[in-house]
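Q: If you read the protein sequences in the order shown, they are chains A and B. Quick note: the first sequence uses the numbering used here, first residue 1048, plus one each step. Quick note: the second sequence uses the numbering used here, first residue -4, plus one each step. We put the CB at the ideal spot given by N, CA and C, even for glycine. Just so you know, these numbers come straight off a predicted model, no measurement behind them. Take this structure, written in structure tokens, and hold onto it; I'll ask about it next.
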Amino acid sequence: MIICYPKPKSIQDLERDRGIAPGMRQPAELRRSVKIAVIDDQPFAPEHNLKNNHFQIETFRDIQNVEQLADFPIVLCDLQGVGVQLAADLQGAYLIEEIKNNYPEKAVIAFTGGSASSNISRRAAKAADGYLKKDASIEEWRDLLDKHIKNISDPVFVWKQLRLRLVREGIAPIDLLKLEDAYVGSVKKGAQVTRTSLEEISKKSSLGPTVRKEVTGFIASKAFDLVFQALVGP
Amino acid sequence: MIAIPIIKAIAFPWLLIDEGNRVVDNGDGSLFRQPEARVDGVLAKLGEISDSGWGRCAAGFAIYKFTTESISPFHVVLYGMKINGVSTAQGRSEGLSVRMDQEHLKQYVAEYCQGVEALDDSYRSLIRENIHEIRGINSGLYNTAYQLDGDLQVDHSSQNLSNLSKSVVRWSELLSGRIDFMEFIANPNAASAPKVEISVYKKFDKVQRCFRVTANRNSISLSMRGASNATVYGPPIFDIIPFLLLDNAVKYSPPNKPIEIICNESNNYIFCRVTSTGPKIEDGELEQIFVTAVRGKNAIRSGKAGSGLGLPVLNRIVKNVFGGSIEVSQKNTYLQIGSIPYSEISFEIKLPISRHS
């Protein structure tokens, strides 16, 4: 049995405080602060209309490596005609898997003009966080993007996602407890304090290499910064 | 599912059964009639055969059960056969009395299944390609109309609104071209519709204007020159010709490359040439370019959706419907994108000018 005193803070404490302070910025304001990458070998037809709705869209015809997407918390990826240099048979589905493997905190949305029942579509839908038809309405694009922008800017959601990955990598419960306590205790104090707290715990604990990689990757990610950009003070 | 009618062409007596071994359809073979063996005697033994394999009916004739992806979840059962090592029926009987080896029959079935799968694949590819293209066009149409609606609220500059509304019309015309192509595949009798005079230059010009909406978005310049008032005489499916030529050119062209159309007439013929940059046609592929369901190696590697049906249809319409000819030429590779070589490729069609014009 683990007995800790004082009682460590859990993410539920932060969840309970939500709505009091700090609050999150409004969707229209959040749209302006989240960079969205679109990978499409054809011009992305909704681009103009989404930009008119204040989404920050940047398009790529294709990418040579996933590091090109490091600065984009959200990626929209076409399934046909992209990633052909990397995997001719899986194309966009391969790119999505690679992005999620390297940047699990990113929200990746697959879209395609092709059939939803094709092998590529099925594989992509499994790896991606969302899926849309290429001719989806602007309202559908807007709602899906707003949902993911809200999620990746939400300190509770972001931590829960990291926690799932840490558990999957076999983190010891005591280490998870300490990390969560540090995160919840410092998140209201800003990015730098939170980063330092997590780094200290990470150094002191005997985390395995994959767990440590997840933690350091999270601290260094755009998603981490975004959480603090999205918050408004108490 | 298109495979099921083809079962009727199997040489041997057959049954189409469902997963519960219930008969869905049955018939004599196309080559060998049903012998004395009775269907009831065959069905009684099917429980002894799992997904595929051999059995023997009550009358001593061989049974062979199989399926393939295109037939699944149904199975086909061949019966009434004399197969070495399986059947015990002796002597002459009405119907099939040829004796053969198991391997011989299995080979026959394997080739049948391969043929069925290839046919099924080709239809699925066509449907997939059209879903992809139509969704792309619909996306362009929707977003242009959406933008037009938004701009109407705030921007009353007539030039901008006029450009947007023209785009809507062109997207719609592209959709129409795609539907014409699908209709021709579904109903080749469209070629027997009443003949009319068709102005070739005007048709090419109209279609190339439609494709500007997709070409411009890729920074591909489309230009047309030449002079011809000549007409051809034929059914009103001519639009499919420029549609397929330009669809191919725009689809495969890398950004910032020109597509040039030249239409001229000479000696009772009208010549239309479309020149663009596309994935190199490798040695030996040029002869196959109009063969149904065949696509070039580099075209496939480019990742662009295709069914391999566009150029064969183009060839059929030019030659069989309008009595013309088509030539493909390619210059040396001058561009490499990733590992895919690109060349300048020209399609030239030659059509007899209508004597009515």
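Write down every uninterrupted run of the alpha helix (DSSP H) in the region 1114 to 1158 of chain A whose length is 4 residues or greater and which is fully enclosed by it, in chain order.
A: 1139 to 1149
Q: What first and last residue would you give for the beta strand (DSSP E) that runs through Arg51/B?
A: Gly48 to Arg51
Q: Cα separation between Ser167/B and Ala140/B?
A: Near 11 Å, if we compare the C-alpha coordinates of Ala140/B and Ser167/B.
Q: Would you call Thr1257/A buried or exposed, if buried means 16 or more other Cβ atoms sit within 10 Å of its Cβ?
A: exposed
Q: Counting only runs that start and end within the region 220 to 301 of chain B, where is the alpha helix (DSSP H) found for 4 or more residues in a row?
A: Counting only runs of 4 or more, we get 235 to 247 and 292 to 296.
Q: Out of Gly291/B, Leu306/B and Cys258/B, state which residue places its alpha-carbon closest to the alpha-carbon of Ile348/B.
A: Cys258/B
Q: Curious, which full-length beta strand (DSSP E) runs of at least 3 residues does the region 1202 to 1227 of chain A contain?
A: none
Q: Specify the secondary structure class of Asp200/B as computed by DSSP and reduced to three states.
A: Asp200/B falls in the helix class under three-state DSSP.
Q: Would you mind telling me which residues of chain A sit closer than 7 Å to Gln142/B, beta carbon to beta carbon, in chain order?
A: What Gln142/B touches in chain A: His1095 and Asn1096.
Q: In whole angstroms, what separates the C-alpha of Phe1275/A from that of Ser1244/A?
A: C-alpha separation (whole angstroms): 15 Å.
Q: Counting Cβ pairs closer than 8 Å, one from the region 307 to 315 of chain B and one from the region 330 to 338 of chain B, do we hit at least three?
A: no
Q: Does any C-beta atom of chain A lie closer than 9 Å to the C-beta of Lys299/B?
A: So, interface residue.
Q: Below 7 Å between beta carbons is the criterion; list the residues of the region 129 to 140 of chain B that meet it against any residue of chain A, in chain order.
A: Per Cβ criterion, the list reads Arg130, Gly131, Asn133, Ser134, Gly135, Tyr137 and Asn138.
Q: Which of helix, strand or coil does DSSP assign to Glu124/B?
A: helix
Q: Under a three-way DSSP split, which group does Val191/B fall into?
A: strand
Q: Please go through the same chain and pick out, in chain order, the residues whose beta-carbon is closer than 8 Å to the beta-carbon of Thr226/B, but skip the five residues on each side of it.
A: Glu192, Ile193, Ser194, Val195, Ile348, Ser349, His351 and Ser352
Q: So which residues on chain A does Asn293/B lean against when the C-beta distance must stay under 9 Å?
A: Near Asn293/B there are no residues of chain A at all, since even the closest Cβ is about 11 Å away, more than 9 Å.
Q: With DSSP collapsed to three states, give me the class of Ala1068/A.
A: For Ala1068/A, the pLDDT reaches just 46, beneath the cut-off of 50, and the residue's location in the model is therefore unreliable, leaving the point undetermined.
Q: Counting only beta-carbon atoms, is Gln1115/A nearer than 9 Å to chain B?
A: no
Q: Consider the Cβ of His151/B: report whether some Cβ of chain A lies at a distance smaller than 9 Å.
A: Chain A places no beta carbon closer than 9 Å to that of His151/B, leaving this residue out of the contacts.
Q: As a quick exercise: from Asn293/B, Val163/B and Ile78/B, pick the residue whose alpha carbon is nearest that of Ser52/B.
A: Position check: residue 52/B holds Cys in this sequence, whereas Ser was assumed. Among Asn293/B, Val163/B and Ile78/B, the Cα nearest to that of Cys52/B belongs to Ile78/B.
Q: Just the Cα atoms here: how many angstroms apart are Asp115/B and Arg1259/A?
A: 50 Å
Q: Ordered along the chain, which non-local residues of its own chain (more than five positions away) have a Cβ less than 6 Å from that of Ser47/B?
A: Lys60 and Phe61
Q: Report yes if the C-beta distance between Pro1082/A and Phe1119/A is below 9 Å; otherwise report no.
A: Residue identity check: residue 1082/A is Lys in the sequence provided, not Pro. Taking 9 Å as the cut-off, the beta carbon of Lys1082/A is found closer than this to the beta carbon of Phe1119/A.
Q: Along the region 192 to 221 of chain B, where does the CB come closer than 7 Å to a CB of chain A? Name the residues.
A: Arg212 and Asn213
Q: Just the Cα atoms here: how many angstroms apart are Leu41/B and Glu14/B?
A: 11 Å
Q: Figure out for me which residue from Leu147/B, Lys3/B, Leu281/B and His70/B has the closest Cα to the Cα of Phe27/B.
A: Nearest of Leu147/B, Lys3/B, Leu281/B and His70/B to Phe27/B, Cα basis: Lys3/B.
Q: Chain A beta carbons: is any one of them nearer than 9 Å to that of Ile254/B?
A: no
Q: By the 10 Å Cβ neighbour count, where 16 or more other Cβ atoms means buried, how is Pro274/B classified, buried or exposed?
A: The residue is buried, with at least 16 neighbouring Cβ atoms inside 10 Å.
Q: Do we get a CB-CB distance below 9 Å when we pair Ser65/B with the residues of chain A?
A: no
Q: Just checking Phe27/B against the ligand COA - is the residue's beta carbon closer than 8 Å to any of the ligand's heavy atoms?
A: Among the components of this structure there are no ligands whatsoever, and the ligand COA is therefore not found.
Q: Considering just the uninterrupted stretch of the alpha helix (DSSP H) at Thr1290/A, what are its terminal residues?
A: The structure shown does not extend to residue 1290/A, since chain A is modelled only from 1048 to 1281, so the question has no answer here.
Q: Got a sec, what are the start and stop residues for the beta strand (DSSP E) Ile58/B sits in?
A: Ala57 to Phe61
Q: For a minimum of 4 consecutive residues, which ranges assigned as the alpha helix (DSSP H) are wholly contained in the region 82 to 168 of chain B?
A: 97 to 149
Q: Give me, in chain order, the residues of the same chain whose beta-carbon lies closer than 8 Å to that of Thr63/B; leave out the 5 immediate sequence neighbours on both sides.
A: Ala(-2), Cys108, Val111 and Glu112
Q: Short of 9 Å Cβ to Cβ, which residues in the region 158 to 191 of chain B face chain C?
A: Judged by its chain identifiers, the structure shown contains no chain C, and its protein chains are A and B.
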